[in-house]
Each structure stands twice: as structure tokens, then as C-alpha cells.
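Notes follow once the structure below has been shown.
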Amino acid sequence: QKEVEQNSGPLSVPEGAIASLNCTYSDRGSQSFFWYRQYSGKSPELIMFIYSNGDKEDGRFTAQLNKASQYVSLLIRDSQPSDSATYLCAVNNRYSASKIIFGSGTRLSIRP
Amino acid sequence: EAQVTQNPRYLITVTGKKLTVTCSQNMNHEYMSWYRQDPGLGLRQIYYSMNVEVTDKGDVPEGYKVSRKEKRNFPLILESPSPNQTSLYFCASSPGLAGKYNEQFFGPGTRLTVL
Chain A
1 QKEVEQNSGP LSVPEGAIAS LNCTYSDRGS QSFFWYRQYS GKSPELIMFI YSNGDKEDGR
61 FTAQLNKASQ YVSLLIRDSQ PSDSATYLCA VNNRYSASKI IFGSGTRLSI RP
Chain B
1001 EAQVTQNPRY LITVTGKKLT VTCSQNMNHE YMSWYRQDPG LGLRQIYYSM NVEVTDKGDV
1061 PEGYKVSRKE KRNFPLILES PSPNQTSLYF CASSPGLAGK YNEQFFGPGT RLTVL
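Chains A and B are the protein sequences, given in the same order.
The first sequence begins at 1 in this note's numbering and counts up one residue at a time.
The second sequence begins at 1001 in this note's numbering and counts up one residue at a time.
Okay, here's the thing in C-alpha cells:
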């Protein structure tokens, strides 16, 4: 079992709709959870960070964390073509807060 | 401008020819890391450093070396590159260990091809 799992996609969502991206992790002791966005040929950039159970909202983005079920999700409201990218879920290792484990990413495509 | 820089950005080399990819950050970050990214495998950590002279192996360290003699620099060394090290490499840095400070800032990437 991979430590951080994501559906590779592609996930195709119409413009203006809600895009829902999911991630599960295996280490119950993980404490910090990240969503990075990566455009093709570019480096990853952080868009959301969450460490408490529940929802965290930032503009059109909402991160949801459920530690009991070991999943973290990202919702993108009012999806725009510029949201088309690969979204990487990342989780810190419980034994070393500096060690971050990435999922393989979900490719999101917003169709006009 | 706060940034992580990597050089070179693109490199084509031959098997066995030693190479170094440089990484430098100007944000006074404690933590630096190297990743490789391959299709379908995501970002895999090669080595990381929590401070000067402190380095540790990540998930895929075989065939790589690193050093951290200065806080701002963290070069990646391939002593004898092989074709399976053809990949996209990212250097990253972050301020510290707890909470928000685990946010990593990535360099622009180095695309390496080993023939």
C-alpha cells in the first residue's frame, strides 16, 4: 500500500462546477497535510495546508481533513480553465516533521 | 526576490560521467531537500538536510550524494550517472519543522537525461 494515494485521473470537470480531489494516507500519526498545484513543466506550488479535522477555506479552495478515516480532500468551487493542472497531496512523516511524502498526483482538466 | 535556484535547468550527459546539480536559496531556510519526479510516481525524496552538515536519506538515495556546507546551498551529486536516473529533479527549501513552516518552496527543476 502506498503511503499517500491519489487517483491519477484525468478528472474532467465543466467550467463553473465544483472539482473534488481526494487523497488517502496510511500513517495514522501524520499531522500536516498539503495540497500543491503543478502546471505542466513547472514546479509545484502550495495552495492549501491543513492540520486540524474539518474544513479550511481559502477563496475558491476548501481543504477537508478526516483523520479517523485517513483522508484529505480538496474542493475547487467555480472551476476555471486556469485550474487545469496536476494536484499533489502531501503528508508529513510522523517521525520526522521535515520529511514530506507526496502522492503521485491527480490531473484535473476544466473544460469550457 | 525570495527564490530557490537550480542549475543547470537542462542537462544531457552520458553514463558514468560525474555531474553536479546546484541548488541555492536566499530565504535563510533551515531545511532543504531534493526530489525526483517520474511519470506516474509523483515526487520522491532523494535526500534532505535539516541544517548545515546534517543530511539524511530520503526514499530513493541510491546513486546520489549531497552535501550541506553552507546554509544556502545544497548540491546534488551523481558520481556515476546511469540511464535510470533520467528524470526531472526539484530542489526545495522550507523555514523549519512545525506547522505552516513545513511549506516547501520549490526550484524551477532540472531535466536530466542520461544516455
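Heads up, the beta-carbon is just placed ideally off N, CA and C, and yes, glycines get one too.
Write down the C-beta distance between residue i and residue j rounded to the nearest angstrom, noting that I regard them as a contact closer than 8 Å.
{"i": "B:Gly1107", "j": "B:Gln1006", "result": "4 Å"}
Verify whether the separation of the beta carbon atoms of residue i and residue j is less than 8 Å.
{"i": "A:Val72", "j": "A:Asp27", "result": "no"}
{"i": "A:Thr106", "j": "A:Leu21", "result": "yes"}
{"i": "B:Val1054", "j": "B:Cys1023", "result": "no"}
{"i": "B:Val1052", "j": "B:Gln1085", "result": "no"}
{"i": "B:Leu1078", "j": "B:Arg1036", "result": "no"}
{"i": "B:Pro1081", "j": "B:Leu1019", "result": "yes"}
{"i": "B:Gln1045", "j": "A:Lys99", "result": "yes"}
I want to verify the contact list: residues of chain B whose CB lies under 8 Å from the CB of residue i, in sequence order.
{"i": "A:Leu88", "result": "Gly1042, Leu1043"}
{"i": "A:Ser104", "result": "Gly1040, Leu1041, Gly1042"}
Of the choices the options, whose alpha-carbon is the least far from that of residue i?
{"i": "A:Leu108", "options": "A:Leu74, A:Phe34, A:Asn93, A:Ile101", "result": "A:Leu74"}
{"i": "B:Lys1069", "options": "B:Leu1011, B:Leu1115, B:Met1032, B:Thr1110", "result": "B:Met1032"}
{"i": "B:Gly1109", "options": "B:Tyr1010, B:Leu1019, B:Arg1044", "result": "B:Tyr1010"}
{"i": "A:Ser82", "options": "A:Asn66, A:Gly54, A:Pro14", "result": "A:Pro14"}
{"i": "A:Asn66", "options": "A:Tyr39, A:Ile18, A:Asp55, A:Asn93", "result": "A:Asp55"}
{"i": "A:Pro112", "options": "A:Gln80, A:Thr86, A:Tyr87", "result": "A:Gln80"}
Taking residue i as the query, report the chain B residues whose CB atoms sit under 9 Å from its CB, ordered along the chain.
{"i": "A:Gly16", "result": "Per Cβ cutoff of 9 Å: no residues; A:Gly16 is ~29 Å from chain B at best."}
Taking Cβ-Cβ distances shorter than 9 Å, what residues in chain A pair up with residue i?
{"i": "B:Phe1090", "result": "Ser43, Pro44"}
May I ask you to check if the CB of residue i is nearer than 7 Å to at least one heavy atom of the ligand HEM?
{"i": "A:Gly16", "result": "With respect to small molecules bound, the structure shown includes none, and the ligand HEM cannot be examined in it."}
What residues from chain A crowd round residue i, counting only those whose CB sits closer than 8 Å?
{"i": "B:Phe1106", "result": "Ser43, Pro44, Glu45"}
Taking C-beta pairs closer than 7 Å, name the residues in chain A that residue i reaches, listed in chain order.
{"i": "B:Glu1070", "result": "Under the 7 Å cutoff, chain A gives no residues; its nearest Cβ is about 19 Å from B:Glu1070."}
{"i": "B:Tyr1010", "result": "Per Cβ cutoff of 7 Å: no residues; B:Tyr1010 is ~12 Å from chain A at best."}
{"i": "B:Glu1103", "result": "Leu46, Phe49"}
List the residues of chain B that residue i touches, going by C-beta distances under 7 Å, in chain order.
{"i": "A:Asn92", "result": "Asn1102"}
Checklist line | Positions along the stretch 42–63 of chain A whose CB lies within less than 9 Å of some CB in chain B | finding: Lys42, Ser43, Pro44, Glu45, Leu46, Phe49, Tyr51
Item checked: chain B contacts from the stretch 18–39 of chain A (Cβ-Cβ distance under 8 Å) -> Ser32, Phe34
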